[in-house]
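The structure under discussion appears below in the form of structure tokens.
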Amino acid sequence: MTDSVSPSIARIDTNPARAEFFRLTGRFMRSRNVVAGSIILIIIIVMVLLAPVIAPFDPTEQFRRERLQPPNATYWFGTDNLGRDVFSRVLYGGRVSLQVGIFSVAIGAITGTILGLNAGYFGGWLDSIVMRLVDVMLAFPGILLALAIIAVLGRDLRNVMIAVGISTIPIYTRIVRGSTLSVRQIDYITAAEALGAPAHHIALLHILPNVLAPLIVVTTNGVAGAIIAGAALSFLGLGQQPPNPEWGLMLDEGREYIRVAAWVTTFPGLAIMTTVLSINLLGDGLRDILDPRLKL
Amino acid sequence: MKHYRSFKGFTALVMGFALLLLIATPTFGQETEIDFGLSFTVDTLDPGVTTFSGVEIIVGHVFDTLVKQQPLGVFRPSLATEWSVNEDATEYTFQLRDDVTFHDGTPFNAEAVQFTFDRIIDPDLNSQMAFSFIGPYSETEIVDDHTVIVKFSSPNAAFLDGVSHPQLGPVSPTAVAELGEDWGFAGIVGTGPFIFESYTPDSEVVLVSNPDYAWGTEEVFGMTGATNVDRLTFRLIEEPATRLAALESGEVDIIDAVPALDVQRLSEGDDFEVLQFSQAGHGYSLMFNFEKAPTDELAVRQAIAMSIDIEIMQDIVYEGLGVQACSALTNVMFAQTDVYCEQLPFDPEMAGTILDEAGWVLNEETGIRERDGEPLVIQHHSPARPLNEATAQFLQQDLAAVGIDLQLNLNDIAAYLEIVRAGEHNTQQWWDTQTDPDGVFRTLFHSSNADGGTNRNRYRSDEMDMLIDSAVGIGDQEERAAVYAEIQQKIADEAIMVFFNDPVVLFASVPELEGVTILGGGFIPNFYAATMGG
Amino acid sequence: MIRFLLNRLLQAIPTIILVTLLVFLMLHLTPGDPAEVYLGDSRSTPELLENVREEMGLNRPLHVQYLSYMGNALRGDLGRSLQTNIPVTEQIRTRLPWTIELALSAMAISTVLGISLGMLAALRHNTIVDTLAMTLALVGISMPVYWSSLLLIILFSVNLRWLPAIGQGGFDRVILPAFALALVSAGALARMVRSSMLEVLNQEYILTARAKGLASAAVITRHAMRNALIPVVTVLGLMFGNMLGGAVLTETIFARLGIGQMYVEAVLQKDFTLVQGTTLFIALAYVVVNIFTDILYMIIDPRIRYD
Chain A
1328 MTDSVSPSIA
1338 RIDTNPARAE
1348 FFRLTGRFMR
1358 SRNVVAGSII
1368 LIIIIVMVLL
1378 APVIAPFDPT
1388 EQFRRERLQP
1398 PNATYWFGTD
1408 NLGRDVFSRV
1418 LYGGRVSLQV
1428 GIFSVAIGAI
1438 TGTILGLNAG
1448 YFGGWLDSIV
1458 MRLVDVMLAF
1468 PGILLALAII
1478 AVLGRDLRNV
1488 MIAVGISTIP
1498 IYTRIVRGST
1508 LSVRQIDYIT
1518 AAEALGAPAH
1528 HIALLHILPN
1538 VLAPLIVVTT
1548 NGVAGAIIAG
1558 AALSFLGLGQ
1568 QPPNPEWGLM
1578 LDEGREYIRV
1588 AAWVTTFPGL
1598 AIMTTVLSIN
1608 LLGDGLRDIL
1618 DPRLKL
Chain B
40 MKHYRSFKGF
50 TALVMGFALL
60 LLIATPTFGQ
70 ETEIDFGLSF
80 TVDTLDPGVT
90 TFSGVEIIVG
100 HVFDTLVKQQ
110 PLGVFRPSLA
120 TEWSVNEDAT
130 EYTFQLRDDV
140 TFHDGTPFNA
150 EAVQFTFDRI
160 IDPDLNSQMA
170 FSFIGPYSET
180 EIVDDHTVIV
190 KFSSPNAAFL
200 DGVSHPQLGP
210 VSPTAVAELG
220 EDWGFAGIVG
230 TGPFIFESYT
240 PDSEVVLVSN
250 PDYAWGTEEV
260 FGMTGATNVD
270 RLTFRLIEEP
280 ATRLAALESG
290 EVDIIDAVPA
300 LDVQRLSEGD
310 DFEVLQFSQA
320 GHGYSLMFNF
330 EKAPTDELAV
340 RQAIAMSIDI
350 EIMQDIVYEG
360 LGVQACSALT
370 NVMFAQTDVY
380 CEQLPFDPEM
390 AGTILDEAGW
400 VLNEETGIRE
410 RDGEPLVIQH
420 HSPARPLNEA
430 TAQFLQQDLA
440 AVGIDLQLNL
450 NDIAAYLEIV
460 RAGEHNTQQW
470 WDTQTDPDGV
480 FRTLFHSSNA
490 DGGTNRNRYR
500 SDEMDMLIDS
510 AVGIGDQEER
520 AAVYAEIQQK
530 IADEAIMVFF
540 NDPVVLFASV
550 PELEGVTILG
560 GGFIPNFYAA
570 TMGG
Chain C
871 MIRFLLNRLL
881 QAIPTIILVT
891 LLVFLMLHLT
901 PGDPAEVYLG
911 DSRSTPELLE
921 NVREEMGLNR
931 PLHVQYLSYM
941 GNALRGDLGR
951 SLQTNIPVTE
961 QIRTRLPWTI
971 ELALSAMAIS
981 TVLGISLGML
991 AALRHNTIVD
1001 TLAMTLALVG
1011 ISMPVYWSSL
1021 LLIILFSVNL
1031 RWLPAIGQGG
1041 FDRVILPAFA
1051 LALVSAGALA
1061 RMVRSSMLEV
1071 LNQEYILTAR
1081 AKGLASAAVI
1091 TRHAMRNALI
1101 PVVTVLGLMF
1111 GNMLGGAVLT
1121 ETIFARLGIG
1131 QMYVEAVLQK
1141 DFTLVQGTTL
1151 FIALAYVVVN
1161 IFTDILYMII
1171 DPRIRYD
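Protein chains in written order, with my numbering: chain A, 1328 to 1623; chain B, 40 to 573; chain C, 871 to 1177.
Listed below in structure tokens is the structure:
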């Protein structure tokens, strides 16, 4: 992949011609992360969305005589302890895991952005209250929050998303507030204020776009983190309710068989890994491109 | 008797012991240490208070019992040298050993026995297991320093069984008073062959040999006197894969609850020995809530019982270990009958017919049966644990095949208990270990346990109560068995529960570990007579 | 400096009180009853349940329960576990050293791994080394910790027999769990170090220093590293908190004594006193770590002042 870039020229150089060359290769590298991440992710999303078409079997149907079959021509990823097709379960399970990733981050990011934007822009007592709340939430063990939410609302997918989402609110609040504070000082915003533009106008049209870059980066990484958090909750017996598959639940159900039927856990494990990896690649690439401070 | 290793190899054990004495001399100074990787957690080491059956394994080494039971139903002298029971099983007279002291030097005598038993029925102790074992206890009369009469308010034929469990093992009255609130975790003091050394919650319990131990039940252990095991450590390892790894990496010498699928792999090699024992008491089963529709209906219960492909379930859910259950009593229990399996075999067609006749008609569109527009939905509740999850999903597919919609609610323990104690479930899974039929039937079917207690069938029947209460007072074994047969007939007639599997208890150990005695009907390993050869 | 510390500690008080209040309300207003859990699936009657409830003090009005708990806590008495009757302070005391050992070892491993991977990637930016290092970092982040833990046990304890799988005590027992726990944060750290190094390396003063002919190594250590470390300290501070969460699964799988594993058990069993006591403790730890992070900032970057 990197044949064209030899180590000797990769060192930082002040020669302008070479610097230009780096800018181009750099862009290429950066976008290559984005391209690689997006391609893998799109493949995963398409496969997961087309699960009903692609999956050879019903993910919950038990072929009991065929239990714990190693991967073969019929069952590409083998079968689990109840004789269910692991491949079909990984496909369907992805729907749940991806949903958890996306929706919980949406909950966290939207709430966090609103809080952070307001706190950073208006400052004063609002800022104090929001930041104190954020402090409390950060000092509050996330696992308890998740358990409490699931205890109140019951064990199901939607509640897992809410639980994971709420526990990430403080992260987004902090980031958005920080960026808002720094953006506020920029001349054209002070100018807009001086011209008497309404606050929500300034916040939405001038500040938000500037905050977006770090937010996108953190959000993509957050999706990855949420998938793992959702899986961990399933692993603790608090996530997805059986029999519907979810990657974390599949790891949980298969862990007793890890020594004799490793495929039951290997494939959902790999699925989590690949998905999280591709999302992180994407996030990294976006970060390189979007983060205005990181210019080569 | 092939289940009981210590009996099968009784002579070999004695010889092995003699041999060990011979080879022990040159290796003097070499400490025998045994590490046991236990799947259980510990609530408290107070035998009178614990609610965890696994704790019995640990405290059984620290506390002697008045009598020892081995095999099931055969009682041998231990702290009591002899005993007698009156006609209606309301008074038990025990002759106590006069040469026994507790680990703290307190003499063991009639007063200690009285103290132990009185303590258990003290309402402030909130005792449960010990409280069940002691039955309708009223008082202990001290005849002389080493003779007691234990009296009951109603007949209690199961008391010898109860008193063979360490939950009723005499505790040192001075130690209990001295340790106060800290008794049960900072220390426990009994008369047993091992002395408590330390307990680190969620981690380990360390016991050391009691050098002054000069007694012991030879008929059970093949030896008396101080144990050769200098140090016995129970390591609490809940995670099955880790527990197994600890054995395979040599960190522990024996583990319990061997993951079923690894049994074959372990048995095939020479590095480990796998021990299997049929479990006493009650196996894996399903409870029906009699006070919530639609499981309040006989037809529904019968249909569910007959829809479950019980034979293949043994392979799928229980990994081919143990046998199909046919009663609330496992197949090694006294008075067990097979009438349930005869009356309610796997027959999905019949199940369909029963439901049709009861008005539950299949809705072709949904695949679920309906009556008056009401779908046949069963709310199933269980704690979220791998075995429960496998069982529940297995049931779900079989019931769906006859048009019953089993909805799974696998939750954390607190949420589960809240629902089933309130009786909001239709079905829940059950497992128990006991050694006397009375305990099993009382736990599951007596109305006194129906208000959120263990009778989550919420089954209330005066006739059943009377049968259970009368059986426990019958001294004659045959007559008692006849009543128990009647109870089992009633269970089958009313399809009160579904019985899945009579489990085996699995241990795996390094081959050097020998002489482990398995008590409690196959559930309780004891290391008093154990040796580490090799 | 002392004024700053005092100020921070004072600010922390309302935070901690709010945390305990929230935890208290959450525990009490969610379904599940510690008395029911205590009785479990054992034989029990409604009277017995009531008796246990009474003894646990659950029948008192909520505000009385909270105030009496906080009153005792102020006097240093965190009460006894509802489920095991072991004093909460005792429970924390026996576990805390092991959690700290695990967290510190994991942080040490991930710092070494993360900083070296990150520096390597930054200095060899846009080469195969960079790509490999970052892929490795991503794999670390992407592995669910309980999966990697099990794989580590099977590889190093069972197959190779190099390291013990379970328990605590002795240096060898902390390696595997610490490594499993470190993988995730090492990956995150490596990415952080890489990007902040790149940023610093391209700032004018570094370019100037290089232009003046200063040796690369000197530039890197004297100028670049120091500045690149600031975000690293932030991440380390946050990491310590995450360690506790990640430790839950690691501790469970490696059968290791620790706060995390105890905490989850306590929450699941509705062991109010144990959860409250541990929460109080975790919140305090969070505050202390935060203050510590701020002090580290000041040491690394003398320009930062808190007044």
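Ideal Cβ positions, reconstructed from N, Cα and C, are used throughout, including at glycine.
Would you call residue i buried or exposed, if buried means 16 or more other Cβ atoms sit within 10 Å of its Cβ?
i, result
"residue 66/B", "For residue 66/B, the predicted model reports a pLDDT of 44, less than 50, meaning its position is unreliable; a value from the coordinates is still stated below. Flag for residue 66/B reads exposed."
"residue 1406/A", "buried"
"residue 461/B", "exposed"
"residue 1370/A", "exposed"
"residue 989/C", "buried"
"residue 971/C", "buried"
"residue 536/B", "buried"
"residue 62/B", "Confidence at residue 62/B is low in this model, with a pLDDT of 43, below 50, so the placement of that residue is unreliable and no value is reported for it."
"residue 1032/C", "exposed"
"residue 182/B", "exposed"
"residue 877/C", "exposed"
"residue 882/C", "buried"
Let me make sure I understand the geometry here. Which of the options has the alpha-carbon closest to that of residue i?
i, options, result
"residue 933/C", "1130/C, 891/C, 924/C and 923/C", "891/C"
"residue 897/C", "1165/C, 1156/C and 1146/C", "1146/C"
"residue 146/B", "118/B, 167/B, 408/B and 166/B", "118/B"
"residue 185/B", "170/B, 153/B, 161/B and 216/B", "153/B"
"residue 1501/A", "1592/A, 1389/A, 1530/A and 1460/A", "1460/A"
"residue 1480/A", "965/C, 875/C, 885/C and 900/C", "900/C"
"residue 74/B", "364/B, 273/B, 548/B and 306/B", "273/B"
"residue 491/B", "884/C, 912/C and 887/C", "912/C"
"residue 213/B", "130/B, 245/B, 226/B and 201/B", "226/B"
"residue 1397/A", "1512/A, 1377/A, 1412/A and 1469/A", "1412/A"
"residue 1529/A", "1432/A, 1512/A, 1409/A and 1430/A", "1512/A"
Below 7 Å on C-beta distance, what does residue i contact in chain B?
i, result
"residue 1391/A", "351 and 355"
"residue 1394/A", "355"
Give the DSSP bridge partners of residue i, in chain order.
i, result
"residue 116/B", "106/B"
"residue 226/B", "222/B"
"residue 121/B", "134/B"
"residue 190/B", "130/B and 178/B"
"residue 565/B", "556/B"
"residue 243/B", "239/B and 274/B"
"residue 422/B", "450/B"
"residue 321/B", "471/B"
Since residue i meets chain A, which of its residues come closer than 9 Å, beta carbon to beta carbon?
i, result
"residue 451/B", "1474, 1477, 1478, 1482, 1563, 1564 and 1565"
"residue 279/B", "1582 and 1583"
"residue 447/B", "1568, 1569 and 1570"
What does residue i touch in chain B if you count any residue whose Cβ is under 9 Å from its own?
i, result
"residue 1361/A", "Near residue 1361/A there are no residues of chain B at all, since even the closest Cβ is about 39 Å away, more than 9 Å."
"residue 1409/A", "355, 356, 429, 432, 433 and 436"
"residue 1587/A", "298, 300, 301, 303 and 304"
"residue 910/C", "82, 90, 91, 167, 452 and 456"
"residue 1028/C", "283, 284, 287 and 288"
Given the structure, does residue i come close to the ligand MN, in the sense that its CB is under 7 Å from one of the ligand's heavy atoms?
i, result
"residue 1563/A", "Ligands displayed in this structure: none; no statement on the ligand MN is therefore possible."
Please list the partners that residue i has in chain A, where partner means a Cβ-to-Cβ separation under 7 Å.
i, result
"residue 968/C", "Within chain A, no residue comes near residue 968/C; the closest Cβ sits about 18 Å away, beyond 7 Å."
"residue 425/B", "1580 and 1583"
Cβ closer than 8 Å: which chain B residues qualify as neighbours of residue i?
i, result
"residue 1139/C", "452 and 453"
State the CB to CB distance for the pair residue i and residue j, rounded to an integer number of angstroms; the pair is presumed to be in contact (CB under 8 Å).
i, j, result
"residue 466/B", "residue 326/B", "6 Å"
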